Amino acid sequence: MMADTTQPTTGSEAAESTEAQPEASADRRIERTNPARRFMTPTDALRAVLDGNERFVSGTPLHPNQGADRRNALANTQEPFVSLFGCSDSRVAAEMIFDVGLGEMFVIRTAGQVTDGVVLGTLEYAVDLLSTPLLVVLGHDSCGAVTAAHDSFDSGETPGGYIDDLVARIMPSVAHARAQGREGIPGAVTQNTIDTVHRIPQRSPLIKRALREGRLEIVGLTYRLDDGRVNTVSHLGPIVDANGIPVDLLTRT
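Just so we're on the same page, the working numbering is the position in the sequence shown counted from 1, plus 19.
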């Protein structure tokens, strides 16, 4: 369960609360929170994301912060507590599978989580200007883009059109999966997610600096379509020396 983030009430607020209807319960209380983020640290943000997925899997979502009050509160500001880079697949709607509301998740989606300069610039905006403490990279089983790359790797043929661009960018992860003993499309999906987690800070000095300074962690998750559950496959965060000085990046799996 996520920590209760409601503020102490005044006497008048308490009286108003006692007169409220029974339906004005947990999700209505969450809706009244300030639009500023509720989770400031990477650890808290990750716990909130995983708790939200558990609610989605169990069929007990709160659907928090989705009402008119929340919409109005966010008219002039946003402070999401997590940024997410996932696949465009229509079955993997990020805000739904993590049970978050308006203004809580900054989402970027491309087929097969393929990165380019525009994607990296958008992620830098989330990390540097919106100060999201957590970046989730989300892959999923039966990914069409990864499947196309996997099949092209075996057949030597490409789909044609601009889909070739997607395949070319995912193909190294297919080869990497084979080298790591990860077979089939599931193995390629896992490897593509792990490789994307590492590729982002390798290509973006700004995001790498946020990791080194402990302002950000990047987590790789894969999603199962049949039960809606996510699984952690990679976790990238800071490592410091004996004096607390960041020296490199550490992968936790």
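For every residue, glycine included, the Cβ atom is placed at its ideal position computed from N, Cα and C. Keep in mind that this is a model prediction, so the values were computed, not measured.
If you reduce the DSSP assignment to three classes, tell me which class Ser109 lands in.
Look at Ser109 here: in three-state DSSP terms it is coil, with no helix or strand label.
Residues that DSSP places opposite Gly239 in a beta bridge
Val156, Ser253
Simplified DSSP state of Ser223, which is helix, strand or coil
coil
Would you say the beta carbon of Asn91 is closer than 7 Å to some non-hydrogen atom of the ligand COA?
Among the components of this structure there are no ligands whatsoever, and the ligand COA is therefore not found.
Which same chain residues, not among the five before or five after Pro191, have their C-beta less than 8 Å away from its C-beta?
If we look at Pro191 and ignore the five residues flanking it on each side, its Cβ neighbours are Asp214.
Which of helix, strand or coil does DSSP assign to Arg128?
In this structure, Arg128 counts as strand in the three-state DSSP scheme.
Below 8 Å on the Cβ atoms is my guess for Phe104 versus Val156; work out the distance and round it to an integer in Å.
5 Å
Are there 16 or more other CB atoms within 10 angstroms of the CB of Asp118, so buried, or fewer, so exposed?
buried
Might you give, ordered along the chain, the residues of its own chain that have their beta carbon closer than 7 Å to the beta carbon of Thr177, omitting 5 neighbours on each side?
These residues qualify, in order along the chain: Ser171, Asp183, Val186.
What residues in its chain sit with their C-beta under 6 Å from that of Gln40, if we drop five residues either side in the sequence?
Note that Gln40 has pLDDT 41, beneath the 50 cutoff, so the model's placement of it is unreliable and no number is given.
By Cβ distance below 7 Å, which residues in the same chain neighbour Asn211 in space, the five residues on each side in sequence not counted?
Gly131, Gln132, Gly158, Val165, Ile189, Ser192
With a cut-off of 8 Å on the beta carbons, I'd call Gly256 and Pro61 a contact; round off their distance for me.
7 Å
With a Cβ-Cβ cutoff of 8 Å, do Ile116 and Gly247 count as a contact?
yes
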